[in-house]
Each structure stands twice: as C-alpha cells, then as structure tokens.
Amino acid sequence: MAIFRLNVEDDNLHNAELVIAKKTDIELEKHLESWLENSPEALVEGELILWIGRQTSANVEDSTIFPDLLGVDFEGNLVIVELKRGKAPRDVVAQLLEYAEWAEKLAEAQIRERAEAYFRDAKKETTFQDAFSATFAFDSEMFEDNMPALNRRLRLFIVAEEIPDSVSRVCRFLRTSHDMDINCLTVSTFQTESGEKLVNTEAKVGQEDIAASKAVRQNVPSRSGWSDKKKVREEVLETVQELTGGDTTVEFSPKQVYLRILEKHPDFKGTNVRPALMWGCPNLSSYRLYPGNHKYYWWVKPRTYRLYNPESDKVEK
C-alpha cells in the first residue's frame, strides 16, 4: 500500500499534489520491537497496552522460549507479540502457540513478579498495580478486588513486513473456528523527500469476529453482545445523559454509570465504562489515540467526570 505526502503551496488545498513516499529498507525487526515498546498505543488503534516483558525467558520442557513482547490490556488479558523481519515464516504460528500454552498457565502472582522485574530492569520504581492504574486511569471503586482478574484470556499478535497467505489462513481459522484472539499485522516503512520516516501498519487478520463461524453453525449468539465498541459508547453516553439530565455541571463517577447500566443490562461488563469515557474525554492524554471529533465528557478529578461544555471547556495545547 502506497503512502503519500500532501504537497500544499500557499495553503491551497484544492491544488495540492500527492507525492509518493518511497519505501525504505530499515532493519525492521531490530527497531520495531523498541518502537512498539516505546509506543504501546501503536499495536491496537485506540487502545493502550501495559508492557510487562521484553524477550522474557521461560523454560518449556527442555528448551527456553523468548516471547518478543509481553503485556496486559485494560481488562487484564495477556498480550503476546512475536515480530518477524521480512516475510513471516510458516512456523511462526506454532511458535506463537507455544508461547500461548506457556502463558496460559501463569498465575496472577507470577505475572506481577515478571512485570515488576521488567520495571526494575527499565529503572522504573513502581509496582504492577500502580503501573496498571497509571496506564489505564483505572477506577478502583469499580471492582471489589480493585483490579480485573489477570490472564482470563490471551491476545496473540504476529507482526511482520509481510504475512503470507499460508500464515493468515491458519490464523483466521484459529480465530473464527477455535475462539482464539490471534491477529496478524504488517508493517512498512517509508521516507519522504525531506527525509522524514513514516511507518504504516495494516491488520491482515483481526477484524473477524472471534469464533463467529462456530456461533453461526450452532445458531447461538457470539461470546458477548457488548463486543461492539460503538454500541458500548452509545449505551454509556445515553446513561450519562440520564444521570445528569444533560446538565454539564452535574458530576458523575464511572461506578454510577456502571450500576445504572447494570439495572438495564445485567451482562454489561464494568471494564467497558472506562474506555468509553476516555474515548470521549478531550482533556485526557489518551484522547489522541481515538481519531475523530467526539467530545462528550470532561475529566474533573480521579473517579469524577461531567458532560463536556463546548462553551467553556478548552484543552491547552
């Protein structure tokens, strides 16, 4: 997929030209691991990942494995990333499944220990719980245990310059027929005439509903009716409007939103509230992760929000 730079003269967008950026040959695997580690929002658009390991060593039977990147998402799910330079080899799927088999057995205490060892190596003086709370602006009042349970589900990623059909077919089969959250992303690097380097990512596998084909064959609903982000955001906004009566001075907490939704939808997950609020809250730094103009809320202080007031709420740049 080509990447273009928009060449504009005299602020005249109508007469602007598209100038193609040349594809470059950077030692992608060498650098990409660091890029992703430094930019945890780059793996999944609009979502942060808390990294808890890089080249983590683990003993499996008589061998040692080294997953490239290990992380957790805002629901406490483990994220495993395997990076490949050039074309992803066919055996990368088996390699990733071996990592998954190991990771699935990790207890919460082991995950915390690995995370805190990673933080120490990175000269970060923090605990896992503090890092989790800081990364995800976590509302501890939402859960009795203060955090979601860890490692309820695995999320697997293959990232390479090229994903061959032999790899994408197997991953798509595992995703749609065997309930595995497995994703394939391609990464390309480009350089403009001025020397600016650009990186393009594209999801090759990951847009399909998990286990969708199995659900259709068995004529049963998929795992959750709340997997659609748009549906979740609409429900949260509607509930906030109910709680506040549309008054931008009335404050509310994520817990209040969750409890009100729970009255209507007992299957709604509390972990859905926070990202829906962050998506529409322009004075939070994470707002930039979500493309578009969707200003609905205003962060007041920890665990406190109100509706966005376009007349008075201004974000300092």
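If you want my numbering, it's the 1-based position in the sequence shown plus 192. Positions of the beta carbon are idealized from the N, C-alpha and C atoms, including for glycine. Since the model is a prediction, treat every value here as computed from it, not as a measurement.
Asked                                                                                                                        : Found
Residues sharing a beta bridge with ILE374, DSSP                                                                             : LEU348
For ARG480, the nearest candidate out of TYR489, MET470 and LEU348 (CA to CA)                                                : MET470
Segment limits, beta strand (DSSP E) that includes SER255                                                                    : 255-257
Span of the beta strand (DSSP E), counted from its first residue to its last, around ARG498                                  : 496-499
Extent of the continuous alpha helix (DSSP H) run through ILE272                                                             : Note, ILE272: premise wrong, no alpha helix (DSSP H); beta strand (DSSP E) at 270-279.
Residue span of the beta strand (DSSP E) that contains LYS315, given as start and end                                        : Unbroken run through LYS315: none, as it is neither H nor E.
Alpha-carbon to alpha-carbon, ASN343 and ARG304                                                                              : 11 Å
Contact under 8 Å by Cβ, ALA352 with LYS276                                                                                  : yes
Collapsed DSSP secondary structure at ILE241 in the structure displayed                                                      : coil
Contact the segment 344-363 vs the segment 265-285: 3+ CB pairs below 8 Å                                                    : yes
Chain-order list of residues whose beta-carbon lies under 6 Å from that of GLY472 (same chain, five-residue window excluded) : HIS486, TYR488 and TYR489
Cα-Cα separation between ASP439 and THR319, rounded to whole angstroms                                                       : 39 Å
Residue environment, PRO483, which counts as buried when at least 16 other CB atoms sit within 10 Å                          : exposed
Reference HIS370; option with closest CA among ALA307, LYS421, PHE311 and LEU289                                             : LEU289
For TYR497 and VAL507, the rounded distance between their alpha carbons                                                      : 15 Å
Exposure label - THR256; buried when at least 16 CB within 10 Å                                                              : exposed
Rounded separation between LYS173 and ARG345 - CA only                                                                       : No answer is possible for residue 173: it lies beyond the span of the chain, which begins at 193 and ends at 509.
Distance CB(GLY225)-CB(ASP260) smaller than 8 Å                                                                              : It is worth fixing the name first, because residue 225 is Glu in this sequence and not Gly. Cβ distance < 8 Å, so GLU225 and ASP260 count as in contact.
For ASN475, the nearest candidate out of ASN464, LYS493, ASN204 and HIS223 (CA to CA)                                        : LYS493
Inter-stretch contact (C-beta, 8 Å, three-pair minimum) for the segment 421-437 and the segment 383-391                      : no
GLY245 and TYR310 closer than 8 Å at C-beta                                                                                  : yes
Host alpha helix (DSSP H) of ASN365 (start-end)                                                                              : In the sequence under discussion, the amino acid at residue 365 is Phe, which differs from the Asn named in the question. Start and end: 357-369.
C-alpha distance - VAL211 paired with THR384, whole-angstrom precision                                                       : 8 Å
First and last residue of the uninterrupted beta strand (DSSP E) at TYR482                                                   : Note, TYR482: premise wrong, no beta strand (DSSP E); not H, not E.
Beta-carbon gap between ARG367 and ASP265 smaller than 8 Å                                                                   : no
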